[in-house]
Ligand SMILES: Cc1cc2nc3c(=O)[nH]c(=O)nc-3n(C[C@H](O)[C@H](O)[C@H](O)COP(=O)(O)OP(=O)(O)OC[C@H]3O[C@@H](n4cnc5c(N)ncnc54)[C@H](O)[C@@H]3O)c2cc1C
């Protein structure tokens, strides 16, 4: 785990969560400035490998566990959906 | 996961008798269920399952050591470890808590032998082209379609089937039995004893609770995360194959008399050995690095696993070709252990993503952020870090 200490301190506000998700999605897709509602998976913005990277990223970065009931495509298919999911999970923890 | 590999299992796999049995399986073209049950009783199929679910909770890096050992003797049995681990992963990571609790102990103990049912006649490397349907009708799933080349599909008790539900990619764990027709595939040159089957689901049914994650999640999420784990373990097997071939080559070169000296004294032969040794060692280290990334849930793990599989299957190709060359005529007989290693390397370059598909994944990752933009953010794929390599050595 030694190499993980370089990550930024855990963001707390919903705005920070959205900003972090936006930044990661733009890095993952290679496209800056993707709109928050743009479908990421159903529109092919992210390929399947990137899609899985995204789940691991949010779980690790925000220290949340994505449970079975969260596994709806809508929760992963846009920046807004993903940030919303993380914020709900953070609020519940 | 902090468990270790069960001692009795290690002892059984290191015994010469294991290699002798593996040779018999290759000749017969089948690993028998009884042999699998025996090794399962020692914990072979529960390595990746946590102790609460009757596995040994062994960390991925230690699991790869077992895969190396098994593949060196029996690449066919090794392929069972790969598909079984992929199914265990799907259930552990993506299934409901009820399904996890019900099925993981069955899988870990080998009472339920599971096959991974992805490939179809017209959809191999391309999962977008699957035609199998998993229809939901109240509390029941109805599965229709034909899967090909399923490792151990001839004797599996259940199949993790990928298809689509109302147009969305999905998957479910379906029991063998009514509505599931199993036909034997022709024996392949590599992994001769892997009991390949063509399995047709003719409206087979399963309880709706057997769906693993919801439609839209099964593909791409479940399948890709299973393939990530599968790539790690195929890579580990390929390293085992490469190491075994290298041992054969080095032993032969060191002892084979040649014009008043030994084969190993020839510089060109030393060059071949050095290249094969380096390819094998690099792959072994990269596999370990990948295992740590997967254990740590690093977002880069999916790409790293693709790299590992490519690197290791090529190392196996290099090492087996070198051994084949150096052993001369002796290494060309059908029954020689080298024949099975050489053929396995070719299969390792195809399964869990053919070489070209992996190159595509690796290059796509490299090119992200570099397509006509000024954003030069580093790729999410972490480069190899040597410090990671020492963590699991204690
Ligand atoms: C011994 C053995 C065991 C197997 N076990 C299983 C199993 O348990 N479960 C299962 O579901 N499947 C299994 N398979 C099937 C295996 O996963 C497929 O063979 C593999 O996915 C390739 O699919 P394909 O054979 O249809 O080849 P294709 O997809 O037709 O590809 C053929 C070749 O075309 C090239 N190619 C393909 N795609 C691309 C691309 N995008 N870009 C450039 N080149 C490309 C590659 O060189 C590839 O080798 C097994 C196969 C073998 C041989």
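Chains as they are written, first to last, in full-length UniProt numbering: chain A, 1 to 93; chain B, 1 to 394. Using N, Cα and C, we set each Cβ at its ideal position, and we do this for glycine too.
Relative to ligand 3, is the shortest distance from any of its heavy atoms to the C-beta of residue 26 of chain B smaller than 8 Å? Because ligand 3 does not appear in the structure shown, any question about it cannot be addressed here, the ligands present being ligand 1.
Name the residues in the region 302-327 of chain B whose C-beta lies less than 9 Å from a C-beta of chain A; which are they? 302, 303, 306
Cut-off 8 Å between Cβ atoms - residues of its own chain near residue 171 of chain B, not counting five sequence neighbours on either side: Your numbering for residue 171 of chain B matches position 171 in the second chain. Contacts found: 90, 134, 160, 161, 162, 163, 211, 212, 213, 218, 219, 222, 223.
What are the boundary residues of the beta strand (DSSP E) that includes residue 86 of chain A? Here residue 86 of chain A refers to the residue found at position 86 when the first chain is read from its first residue. Element bounds for residue 86 of chain A: not the beta strand (DSSP E) but the alpha helix (DSSP H), 79-92.
Below 8 Å, is the gap between the Cβ of residue 198 of chain B and the nearest heavy atom of ligand 1? For the purposes of this step, residue 198 of chain B is identified with residue 198 of the second chain, where counting begins at 1. No.
Nearest residue (CA-CA) to residue 249 of chain B, options B/259, B/339, B/168, B/192: As a working mapping, residue 249 of chain B is identified with position 249 in the second chain. For residue 249 of chain B, the nearest C-alpha among the options comes from B/339.
For chain A, is any of its Cβ atoms less than 9 Å away from the one on residue 125 of chain B? To locate residue 125 of chain B, count along the second chain from 1; it is residue 125. Output row for residue 125 of chain B: interface = no.
I need the DSSP call for residue 76 of chain A, collapsed to helix, strand or coil. Looking up residue 76 of chain A in the first chain gives position 76. Coil, per DSSP.
One question on the structure: do residue 243 of chain B and residue 308 of chain B come within less than 9 Å of each other, judged by their Cβ atoms? Taking the second chain and counting its residues from 1, the one referred to as residue 243 of chain B is at position 243. Taking the second chain and counting its residues from 1, the one referred to as residue 308 of chain B is at position 308. No; because the gap between Cβ atoms is not below 9 Å, this pair is not in contact.
Reference residue 18 of chain A, options A/29, A/31, A/35, closest by Cα: Translated into positions along the first chain, residue 18 of chain A becomes position 18. Closest by alpha carbon: A/35.
Contacting residues, own chain, Cβ-Cβ under 8 Å from residue 112 of chain B (five flanking each side not counted): In the second chain, residue 112 of chain B corresponds to position 112, counting from 1. Around residue 112 of chain B: 103, 106, 157, 158.
Minimum C-alpha distance to residue 268 of chain B - residue among B/280, B/253, B/131, B/353: Position 268 of the second chain, counting from 1, holds the residue named residue 268 of chain B. The shortest C-alpha separation from residue 268 of chain B is found at B/253.
For residue 232 of chain B and residue 259 of chain B, I'd like the C-alpha separation in whole angstroms. Working through the second chain from its first residue, we reach residue 232 of chain B at position 232. Working through the second chain from its first residue, we reach residue 259 of chain B at position 259. Looking at the two C-alpha atoms, the distance is approximately 44 Å.
Considering just the uninterrupted stretch of the alpha helix (DSSP H) at residue 68 of chain B, what are its terminal residues? Stepping through the second chain from its first residue, residue 68 of chain B is reached at position 68. Residues 60-73.
Residue burial classification, residue 48 of chain A (beta-carbon count within 10 angstroms, cutoff 16): Numbered from its first residue, the first chain carries residue 48 of chain A at position 48. Looking at its Cβ environment, which holds 16 or more other Cβ atoms inside 10 Å, residue 48 of chain A is buried.
Counting only beta-carbon separations shorter than 9 Å, does residue 25 of chain A have a partner in chain B? Your numbering for residue 25 of chain A matches position 25 in the first chain. No, because no Cβ of chain B sits closer than 9 Å to the Cβ of residue 25 of chain A.
Would you mind sorting residue 73 of chain A into buried or exposed? The rule is 16 or more other CB atoms within 10 Å of its CB. Walking along the first chain from the start, residue 73 of chain A turns up at place 73. Flag for residue 73 of chain A reads buried.
Let me confirm a value: residue 26 of chain B is counted as buried when at least 16 other C-beta atoms fall within 10 Å, else exposed. Which label applies? Position 26 of the second chain holds residue 26 of chain B. Buried, since its Cβ has 16 or more Cβ neighbours within 10 Å.
Quick one: measure Cβ to Cβ for residue 343 of chain B and residue 239 of chain B, integer angstroms, because I've assumed they're closer than 8 Å. Position 343 of the second chain, counted from the start, is the residue given in the question as residue 343 of chain B. Position 239 of the second chain, counted from the start, is the residue given in the question as residue 239 of chain B. At roughly 17 Å, the Cβ-Cβ gap does not stay under 8 Å, so residue 343 of chain B and residue 239 of chain B are not in contact.
When the Cα atoms are used, what is the spatial distance from residue 62 of chain B to residue 356 of chain B? For the purposes of this step, residue 62 of chain B is taken as residue 62 along the second chain, with counting starting at 1. For the purposes of this step, residue 356 of chain B is taken as residue 356 along the second chain, with counting starting at 1. Distance between the alpha carbons of residue 62 of chain B and residue 356 of chain B is about 29 Å.
Spell out the partners DSSP gives residue 145 of chain B in its beta bridges. The count along the second chain starts at 1 and reaches residue 145 of chain B at position 145. For residue 145 of chain B, which the question treats as bridged, DSSP gives the partners B/201.
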